[in-house]
Structure formats: structure tokens, C-alpha cells
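Since the structure comes first, as C-alpha cells, the remarks are kept for the end.
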Amino acid sequence: MTDAQRQENVRNTELLNAELPDERFVDESYLHWLYDENPLGPGFQESVDEDGVRVAHYALIPQVYRSPDGPEPFIFSLNAVSRSGAQRKGYFGMLQLRVWSRARDAGVVAGIGVTNARSHRGVEIMGWRMVGQMPVQIVLPSPVRPKGWQSWPVQDNFVDSPTFKELSVGLDDGPVEHWTHSWTPEYLRWRLASPNGARFAVHASDELFAVSTASAFRGVPVAVIVKLLVRGAAAGPVSGHAAVSEACRFHRAPAAVYAGFNKFVSIKGVPAPERLKPAPLNLEFCSLTDRIRQDEFILDTFEFLDMDAY
Ligand SMILES: CC(C)(COP(=O)(O)OP(=O)(O)OC[C@H]1O[C@@H](n2cnc3c(N)ncnc32)[C@H](O)[C@@H]1OP(=O)(O)O)[C@@H](O)C(=O)NCCC(=O)NCCS
């Protein structure tokens, strides 16, 4: 990392922490990981300064999505922020135009983002389509430990261990019907190494690979299921209930939260009440090519690990 890159990360971290306070922004190591260490490349970032003070920032990070026709370069939209006092000056609109035209020139074919109420209006102007709101479910574990499961905290050098290597092979090989985020071993290793935030745990059986993290609601611990990937060539959707039970056991939590949807793994819970959701989690899509029709784009699966939650 150059000194200039580090300075940019420091300034953008300060702005993000001022407007969207979060433990990830305690120092610049999260943005260094997010922007400089992604195995798919640095992506596209744009910022605005007023009198030497950073007042707006926006970024697109590379992701690969695959369909039955093969993989394509996508981006994920994140870290849209304008400083209080510098909002409603058109900065977000301007940064979107700049950053998206750079992505299009670099051959990116589509983008995905998860907006809140304020940024939803902003991206509508760019012609994004809202795919829908991510459903959030509360799932109860079974009282007995599921058979054939093992769990590991993602700490120390777990992602460099032979165990992780063995577990992560082939997770990206399953057939897809429409579009799904591509979880190669290299990309998964990077994503699980996110600093300053969630401590992930990995759970695996012969059929499933799951990632969770611990959270709490009003003092009650909950296991948050952030990714479910099928191992091997399972026919039809696999039940995710044992993964929920194993994650709850591991985190000593009486219940789990699962957000999103998965065509290959079924999860049956009860919808979380609206008042418990921190934000509406609008899932948005923007195509940059005639090859992918915006109104016909369908995701097979989308979960918390596919976005920048945790
Ligand atoms: C969401 C956010 C990034 C928008 O940034 P912004 O720089 O204020 O956005 P813009 O100025 O481009 O547009 C905001 C509004 O100002 C309006 N506007 C832009 N220029 C204007 C001008 N010169 N005069 C009057 N209104 C103007 C826009 O039309 C838009 O109106 P709308 O909200 O009714 O659609 C900003 O509100 C923010 O940082 N919020 C907190 C962090 C956050 O929620 N981020 C999103 C996470 S998903």
C-alpha cells in the first residue's frame, strides 16, 4: 500500500465513521482490506473534498456472478456517504455518474446494491431496479445437536489452514438456474478475513458449508446465518435447519436470524417483525449491458455475506 492510498483510506474512514458510526470504521484497516486486498482487484472509488475536508465518498467493489452461461464481472455498490452539512448538494449523484462510467469502461456488466430509504431515492435516479426487500426470518434450532456437523471459529490462521482449504474446494461448482455470487476458495478466504467487525464461524457437514456470526438483540444472543453453500452435487434444495441448530449451539444462542433467500438451501422460520429491522434492506440491480436485461434479472440466492453486512 502506498502512502497516498493509506491517506485516502484514513480520510474516507473518518467520514464514514462520522456519518455511519460502526466498529468497522475504528481505523483504516477495514477499508484497506475492502479496497486494497480484494483478490478481484481494487474496484472504483470516488470522493469530494471541500476546503481540504473530505465531504463525500462512494465505492464499487468487484464481485463475480455466474449464470448457466458462465461468470461475469459485477460490482457491489457500498459506502455511499455525504457529510452532514454537505448533503443535498448533488455530491452523491455526481459520484455515482463518475464511478459508474469508470466501471462500465472497465467492462463491468452489472451492479448490485442494498440501499436504505435515503440512498434508494438516490440510486433510482441512476435507473436501478429494486429487486425486492431482503426477507429477514427468525429461526429456532432443534434441541438436540445435529449429527455429522463440525464448527470452527474464523480466527488466527484458520483461513490458511488445510481444513479450510479442504472445506472451501468445490463450493462454487454447483449448478445454477439464474444468477448467483461466485464463492471461489480465494474469494471466500478474503471475505472471511474482514477486520474490525464480525467474528465469523464456519460450520460444515457433508452436505452444507455455513458461515455465521454472533449478535445480540436486547441482550439476548442470536446466531446470524450469513451464508449457506451446498457441498457436493446435492439433488434439489438441502434443508438448512441443521446448520441453524449447529450455529445456535456454537454461539450459545436460543435463536438464529437469517436474511435473504437461497434456491439451493431451504430455511423455514418466522418473518422478523418490521420494527426489529435496522433498515429496509432494499436489494437493487443495475445492468450496464444489453446482454443482461434489467427487468429479467433473477438471483438464485442472496445473503448477508454477499453484501457488506458484517
Ligand atoms: C444518502 C446520501 C449518501 C445522499 O447523499 P447526497 O450527497 O446528499 O445526495 P444528493 O445531494 O446527490 O441527493 C440528495 C437529494 O438532494 C437533492 N439535491 C441535489 N442537489 C440539489 C440542489 N442543488 N438543491 C436542492 N436539492 C438538491 C437530490 O435531488 C436528492 O433529492 P431526494 O432525496 O429528494 O431524491 C446521504 O444522505 C448520506 O450520506 N446519508 C447518510 C449515510 C447513508 O445513509 N448512506 C447510504 C447507505 S446505503
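Heads up, the sequence shown is in numbering that gives the first Met the number 0, so the first residue is 0 and it goes up one at a time.
Cβ coordinates follow ideal geometry from the N, Cα and C atoms, glycine included.
Chain-order list of residues whose beta-carbon lies under 8 Å from that of residue i (same chain, five-residue window excluded)
i    : result
I291 : E71, V108 and A109
N195 : E22, R23, F24, V25, D26, S28 and Y29
Contact under 8 Å by Cβ, residue i with residue j
i    : j    : result
G259 : E302 : yes
A271 : V135 : yes
W178 : Y64  : yes
S211 : P236 : no
I111 : F284 : yes
A209 : A242 : yes
V223 : V256 : yes
Q340 : N281 : Past the boundaries of the shown model lies residue 340; the chain is included only from 0 to 309, so the question cannot be answered.
T300 : F263 : yes
V130 : L304 : no
M0   : D35  : yes
Euclidean distance between Cα positions of residue i and residue j
i    : j    : result
P142 : S244 : 8 Å
A254 : L96  : 43 Å
L228 : E206 : 9 Å
H202 : S167 : 11 Å
P67  : A232 : 15 Å
Ligand 1 heavy atom lying under 7 Å from the CB of residue i
i    : result
E18  : yes
Q86  : yes
R362 : Outside the modelled stretch of the chain, which goes from 0 to 309, sits residue 362, for which no answer is possible.
T114 : yes
F163 : no
D167 : It is Ser, not Asp, that sits at residue 167 in the sequence shown. Because no heavy atom of ligand 1 lies under 7 Å away, the Cβ of S167 does not count as near it: no.
Y90  : yes
A308 : no
Residue i, DSSP secondary structure in three states
i    : result
N78  : strand
P61  : strand
A308 : coil
E36  : coil
R53  : strand
W151 : strand
N281 : strand
F260 : strand
M0   : coil
Nonlocal neighbours in the same chain, by C-beta distance under 7 Å from residue i, ignoring five residues either side
i    : result
Y57  : E45, N78, A79, F91, L94, Q95 and V98
T183 : D171
Own chain residues within Cβ distance below 6 Å of residue i, not counting five before or after
i    : result
P173 : The sequence shown places Gly at residue 173, rather than the Pro named in the question. If we look at G173 and ignore the five residues flanking it on each side, its Cβ neighbours are V229.
F24  : T12, L15 and N16
P145 : A241, S244 and E245
F296 : F284
8 Å Cβ cutoff, residue i in contact with chain C
i    : result
S150 : The structure shown contains no chain C, having only a single protein chain.
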